[in-house]
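Everything on this sheet refers to the single structure shown next.
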Amino acid sequence: MTTIDSRGASPDQEQISAEIAAVHRAASRAAPAGGGEAPNHPDRGFAPYRSSLLRHPLRPLVAAGGDPEAAELSGPVFGVTDVTALDADLTRQHIGEPLGERITVSGRVLDRSGRPVRGQLVEVWQANASGRYAHGLDRHPAPLDPHFTGAGRCLTDDAGRYSFTTVRPGAYPWRNHINAWRPAHIHFSLFGTRFTQRLVTQMYFPGDPLFAYDPILQSVTDPAARARLVADYRPDLSVPEWSLGYHWDIVLDGPARTLPDPEEH
Amino acid sequence: MPRPTPSQTVGPFFGYALSTPGGGDAAPAGHPDTLTVHGYVRDGKGDPVPDALVETWQRVPKALPGSLRRDPVTGGSPGRDGVGFTGFGRVATDADGHWVIRTLAPPATAPYLAIAVFARGLAHHLHTRAYLDPTASDRLLSALAPERAATLVAQEERQGTHRFDIHLQGEKETVFLDFHHD
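Just so you know, the protein sequences line up as chains A and B, in that order.
In this text, residue positions in the first sequence follow this note's numbering: the first is 198, and each later residue adds one.
In this text, residue positions in the second sequence follow this note's numbering: the first is 620, and each later residue adds one.
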């Protein structure tokens, strides 16, 4: 579990927010002049997120690109034997209906050239509507929902689309600091076509008042990059009398140089 | 050009979603050439990381699907079929930070397991490699100082069993790789 500050103090939100602001100021001062690309991913060492302190490498990463034989240039494949239609509807995995606001979350998985990433496994997991995970170590005393596990998966279609039916997860407390609450989010795991495209991320809901206070979301220091983690509410994706629709596209990283797609003309 | 979606931590509670029975058994059941690769994930104080996810990938002769099989009736995870070799292993560390993968030897052209490490506290996963043959001639190993290269070489404990510890930080910090600047 998340520990209280290793120095023995219990930081409060005011202190964590001040630390976040200081890192953001430093990042904006270091922004590339002339509009170069701001960092897309968070630094692994982001002190306001206390769990990162002892878990991020202190030495620079070693550049390993350029080897055409590298195993990392291919990746695991998944097929119809890996998923069932049931897997993408998290509201249908038990006998009864889960409690909460039913939602549809869909979007496309793209590579850095904007091409659809097809036939790839997308996995999601989340807390229930009360903010409790179906995980034995989650001791948040919010009710467990016997009709909701909160894990789903699907394969992207030929246009790179994925879609899940689920319920909106609740906010929940965590012990990063006194009175730390995480904004509602859905965890996503994506494979892509090569091991270097592997991505684990989180989707957030628009307008959540907890955004500014959350060191995990705020570990992404570029505001534009942070905005890419927030889904759009889309009335056209809402299913009448059934669910609210959210749209979220995911762009996988990987070497900037991409191989030509033989299926493209 | 679209910009990449930022990475976020896997968090502590991925276990009921990403772990599948037999997720570490990449080799076909009963294969006589099965290798066991195991080790501990440790933090900067040397403490075990009990909420890490270790994924391994290696070159395979033929890409086969089916490594995270689901039951069509219950939607549960019956695990692997035990027949095909898909090259992919995925396992969570136990309460002591320990993980185990059973796989087949990677080919001489890429003689290592490619590894991705995820954990609570890691905002972005880490890539590394476990070389199973210490005599392998390899462009990455030969470009590193010997003591750094040694962090990428698994130790053969006995025939068919290799030990590969992952140190996220500190004295024995593992070499982690960046593939995004080529």
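From the three backbone atoms N, C-alpha and C, an ideal C-beta is built for every residue, glycine too.
From the beta-carbon of Asp405/A, no residue of chain B is found nearer than 7 angstroms; the closest lies around 15 angstroms away. The Cβ of Tyr330/A sits closer than 8 angstroms to at least one Cβ of chain B. Nearest C-alpha to Gln788/B among Thr770/B, Glu776/B, Arg782/B: Thr770/B. Taking all protein chains shown into account, Leu414/A has 16 or more neighbouring C-beta atoms within 10 Å of its C-beta and is therefore buried.
Excluding its 5 nearest sequence neighbours in each direction, Asp715/B has C-beta neighbours in its own chain below 6 angstroms: Pro667, listed in chain order.
Residue nearest to Leu258/A within the set Ala773/B, Leu763/B, Gln778/B is Leu763/B (criterion: CA-CA distance). Under DSSP, Ile734/B forms a beta bridge with Thr675/B, Thr747/B. The alpha carbon of His799/B has as its nearest neighbour, out of Pro236/A, Pro254/A, Leu407/A, the alpha carbon of Pro236/A. When rounded, the separation of the alpha-carbon atoms in Thr418/A and Tyr401/A is 16 angstroms. For Tyr369/A, the enclosing beta strand (DSSP E) has its first and last residue at 369-371.
In this structure, the alpha-carbon of Ala636/B lies about 6 angstroms from that of Trp322/A.
Within the segment 677-688 of chain B, the residues whose Cβ lies closer than 9 angstroms to any Cβ of chain A are, in chain order, Gln677, Arg678, Val679, Ala682, Leu683, Pro684, Gly685, Ser686, Leu687, Arg688.
Proximity of the segment 628-644 of chain B to the segment 327-345 of chain A meets the contact definition, three or more beta-carbon pairs being nearer than 8 angstroms. Membership of Gly442/A in the beta strand (DSSP E) is indicated by the continuous run 441-444. Ala768/B sits in a helix when the DSSP states are folded into three classes. Boundaries of the beta strand (DSSP E) harbouring His382/A: 382-387, taken from the DSSP string.
Note on Gly641/B: 16 or more other CB atoms within 10 angstroms of its CB, so buried under the neighbour-count rule. Across the segment 360-389 of chain A, CB contacts with chain B closer than 7 angstroms involve His384, Ser386, in sequence order along the chain. Residue Pro366/A holds the alpha-carbon nearest to the alpha-carbon of Asp342/A among Thr393/A, Pro366/A, Gln210/A.
The C-beta of Phe783/B comes no closer than 8 angstroms to any C-beta of chain A.
Looking at the DSSP output, Gly630/B bridges to nothing. For Leu760/B, the enclosing alpha helix (DSSP H) covers residues 758-762. Cβ proximity to chain B below 9 angstroms picks out Leu318, Glu320, Val321, Trp322, Gln323, Ala324, Tyr330, Ala331, His332, Gly333, Leu334, Asp335 from the segment 317-343 of chain A. Measuring C-alpha to C-alpha distances from His221/A to each of Ser416/A, Val448/A, Val364/A, Ser248/A identifies Ser416/A as the nearest. Taken atom to atom, the span from the alpha-carbon of Tyr246/A to that of Asn373/A is near 7 angstroms.
Three or more beta-carbon pairs separated by less than 8 angstroms link the segment 433-446 of chain A to the segment 297-309 of chain A, which places the two stretches in contact. Think of a sphere of 8 angstroms around the beta carbon of Ser435/A: no beta carbon from chain B falls inside it, the nearest being about 23 angstroms out. For the segment 632-643 of chain B, the beta-carbon criterion of a distance under 7 angstroms to any beta-carbon of chain A is satisfied by Phe632, Phe633, Gly634, Tyr635, Ala636, Leu637. Asn325/A is classed as buried because its beta carbon has at least 16 other beta carbons within 10 Å across all chains shown. With respect to the C-alpha of Gly389/A, the residue from Ala377/A, Tyr359/A, His344/A, Thr363/A having the closest C-alpha is Tyr359/A. At a cut-off of 8 angstroms, the C-beta of Gln415/A has no neighbouring C-beta in chain B. Take the alpha-carbon of Tyr731/B and the one of Leu723/B: they are about 11 angstroms apart.
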